[in-house]
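Everything below concerns the one structure shown next.
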Amino acid sequence: MSSSSSTSTIPKVAATLLLTTLALLVTTPPQSQAAARLSTDFYSKNCPRALTAIRAVVRGAVTNDRRIAGSLIRLQFHDCFVRGCDASVLLDKTATTGTEKDAAPNRRFTKTFRVIEDAKSQVERMCPGVVSCADIVAVAARDASAAVEGPSWGVELGRRDSDDLKTLISRFRKKGLNSREMVALSGAHTLGTAQCFTFRERVYGNETVAKDVIDPNFARKKRRMCPASGGDRLVQPLDPMTPTSFDNNYFKALMLRKGLLASDQVLFSGGSTDGIVREYSRNGGKFKGDFAAAMVKMGRIGVLTGSKGQIRRTCSKAN
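If you use mature numbering (1 follows the signal peptide of the UniProt record, and there is no 0), the sequence shown corresponds to residues -34 to -1, 1 to 285, in order.
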């Protein structure tokens, strides 16, 4: 599907959480080049049990805490949209270098990082130095989605390690993703939570001015859960209807002006993506299919393949 062209007259908003990382976008190699070096059966001969081991770790983590599914899916966004899908988001800082881990959107991923490390440990025992952390991040996102009744997809393998709507669309386009894919990927917010400081401005804004972009009753309810000052780490579900199920209720909430984040609600605010939101709200199967396809496409962004990069022994530090 082609992206919609009309993007003028869209209000300026603050992109947060997942979309906060878009401010850090850099130019990456064309996806077609990356895709040519990736394949779904990359480990079929040199580590055939790797995907089964990763799936077992992910399913165990999700069984223990369903909220981890949303975090595992978002972790791939945060990895791919900064420097490319190279597992750089997993690296600890050193005496001479900073780390993506310390960026505000990534500080909540402590448990998520542990799941990836657990999966890496399992795979390393089977086939040392073969499966990259970047591929584990991509596979874990797929397995997490499937574990909560979301879509599944064939993950292309072979990686190595290493604001306003108009702006959002532009930034996704720079990564080779159109506005439909942007909306589909934003549907990852069907799972998970956001901290109070990320939506405080939205729910405490001028109620008269904001009434067209946020349901007043929804705003009042969220103000009870999020004080005007303090309580920054208190959380609320991104999907107010079914926060632990992978479904299309996130889009239904947007149509009711109940998007928790400004960067969510802007997808349904009288602009070029309104029609896509309506379509997904009516057709959950279409949303899941488009989400799976967009995840595959996103997984090609800025990958290192062949002799570039390395296969880390531990995901949190370079060899």
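Every residue gets a Cβ at the ideal spot worked out from N, C-alpha and C, and that includes glycine.
One or two residues paired with residue 202 in a DSSP bridge: Here the question's residue 202 lines up with position 236 in the sequence shown. 160, per the DSSP bridge assignment.
CA nearest to the CA of residue 145, picked from 135, 153, 214: As a first step, residue 145 must be located in the sequence shown, where it is residue number 179. Residue 145 has its Cα closest to that of 135, out of 135, 153, 214.
Residue 128 burial status per 10 Å Cβ neighbour count (16 or more: buried): In the sequence shown, residue 128 corresponds to position 162, counting from 1. Residue 128 comes out buried.
Close-in-space but distant-in-sequence residues of the same chain around residue 195 (CB under 7 angstroms, 5 per side omitted): Within the sequence shown, the letter at position 229 stands for residue 195. Around residue 195: no qualifying Cβ.
Beta-carbon gap between residue 159 and residue 32 smaller than 7 angstroms: Counted from its first residue, the sequence shown places residue 159 at position 193. Counted from its first residue, the sequence shown places residue 32 at position 66. It is not a contact, given that the beta carbons lie outside the stated cut-off.
Span separating the alpha-carbon of residue 218 from that of residue 267: Here the question's residue 218 lines up with position 252 in the sequence shown. Here the question's residue 267 lines up with position 301 in the sequence shown. Cα-Cα distance, rounded: 30 angstroms.
Residues of its chain near residue 109, where Cβ-Cβ distance is below 6 angstroms and the 5 sequence neighbours each way are ignored: Here residue 109 refers to the residue found at position 143 when the sequence shown is read from its first residue. Around residue 109: 21, 24.
Helix, strand or coil at residue 139 according to DSSP, with G and I counted as helix: One-based indexing of the sequence shown puts residue 139 at position 173. Residue 139: helix per DSSP, three-state reduction.
Chain-order list of residues whose beta-carbon lies under 6 angstroms from that of residue 84 (same chain, five-residue window excluded): For this step, residue 84 is matched to residue 118 along the sequence shown. Counting only residues of its own chain and dropping the five nearest sequence neighbours on each side, residue 84 has a CB closer than 6 angstroms to the CB of 23.
Contact set for residue 223: own chain, Cβ-Cβ below 6 angstroms, skip 5 residues either direction: The residue you call residue 223 lines up with position 257 of the sequence shown. Closer than 6 angstroms at Cβ, skipping near neighbours: 180, 181.
Cross-strand partners of residue 288 (DSSP beta bridge): The displayed coordinates of the chain run from -34 to 285. Any statement about residue 288 would go beyond what the structure contains.
Pairwise C-alpha distance: residue 208 and residue 169: Indexing the sequence shown from 1 puts residue 169 at position 203. Indexing the sequence shown from 1 puts residue 208 at position 242. Each residue's Cα considered, the two are about 20 angstroms apart.
Same chain, Cβ closer than 6 angstroms to residue 264, neighbours up to 5 away in sequence not counted: Here residue 264 corresponds to residue number 298 of the sequence shown, with the count starting at 1. So the qualifying residues of the chain are 46.
Unbroken stretches of the alpha helix (DSSP H), 4 residues or longer, contained in the stretch 207 to 243: Counting only runs that start and end inside the stretch 207 to 243, the alpha helix (DSSP H) elements of at least 4 residues fall at 215 to 221, 228 to 231.
Residues of its chain near residue 87, where Cβ-Cβ distance is below 7 angstroms and the 5 sequence neighbours each way are ignored: Here residue 87 refers to the residue found at position 121 when the sequence shown is read from its first residue. No residues qualify anywhere along the chain.
CA-to-CA distance, residue 233 to residue 243, given in whole angstroms: Residue mapping note: residue 243 aligns to position 277 of the sequence shown, counting from 1. Residue mapping note: residue 233 aligns to position 267 of the sequence shown, counting from 1. Answer to the nearest angstrom: the Cα atoms are 7 angstroms apart.
Assigned exposure category for residue 193 - 16 Cβ within 10 Å defines buried: Walking along the sequence shown from the start, residue 193 turns up at place 227. That one is exposed.
Sequence-distant residues of its chain with Cβ nearer than 8 angstroms to residue 13 (five each side left out): Walking along the sequence shown from the start, residue 13 turns up at place 47. Its chain contains 89, 92, 93, 96, 97 as the residues whose beta carbon lies nearer than 8 angstroms to that of residue 13, once the 5 sequence neighbours on both sides are disregarded; these appear in chain order.
Other residues of its chain near residue 150: CB distance less than 6 angstroms, five sequence neighbours each side excluded: As a working mapping, residue 150 is identified with position 184 in the sequence shown. Taken in chain order, the residues that qualify are 256, 257, 260.
Coil, strand or helix - residue 5 by DSSP: Position 39 of the sequence shown, counted from the first residue, corresponds to residue 5. Under the three-state reduction of DSSP output, residue 5 falls in the strand class.
Test item: CB-CB of residue 81 and residue 105 under 7 angstroms: Residue 81 sits at position 115 when you count from the first residue of the sequence shown. Residue 105 sits at position 139 when you count from the first residue of the sequence shown. The criterion of a C-beta distance shorter than 7 angstroms is not satisfied by residue 81 and residue 105.
Residue 156, buried or exposed, once every other Cβ within 10 Å from all chains shown has been counted against 16: In the sequence shown, the residue the question calls residue 156 occupies position 190. Residue 156 is buried by the Cβ-count criterion.
Close-in-space but distant-in-sequence residues of the same chain around residue 101 (CB under 6 angstroms, 5 per side omitted): Your numbering for residue 101 matches position 135 in the sequence shown. Cβ within range, chain order: 123, 125.
Residue 76: first and last residue of the uninterrupted alpha helix (DSSP H) it sits in: Along the sequence shown, one-based indexing puts residue 76 at 110. Start and end: 76 to 92.
Alpha helix (DSSP H) segment containing residue 37, residue limits: For the purposes of this step, residue 37 is identified with residue 71 of the sequence shown, where counting begins at 1. Following the DSSP letters along the chain, one finds residue 37 inside the alpha helix (DSSP H) bounded by residues 33 to 46.
Residue range of the alpha helix (DSSP H) that includes residue 256: Against the sequence shown, residue 256 aligns to sequence position 290. Counting along the chain, residue 256 sits inside the alpha helix (DSSP H) bounded by residues 250 to 264.
C-alpha distance - residue 41 paired with residue 51, whole-angstrom precision: Numbered from 1 along the sequence shown, position 75 holds the residue referred to as residue 41. Numbered from 1 along the sequence shown, position 85 holds the residue referred to as residue 51. Distance from the CA atom of residue 41 to the CA atom of residue 51, rounded to whole angstroms, is 10 angstroms.
Among 16, 35, 132, 6, nearest to residue 77 - alpha-carbon criterion: To locate residue 77, count along the sequence shown from 1; it is residue 111. If we check each option's Cα against that of residue 77, 35 comes out closest.
Where residue 17 sits in the DSSP three-state scheme: The sequence position of residue 17 within the sequence shown is 51, counting from 1. Helix, per DSSP.
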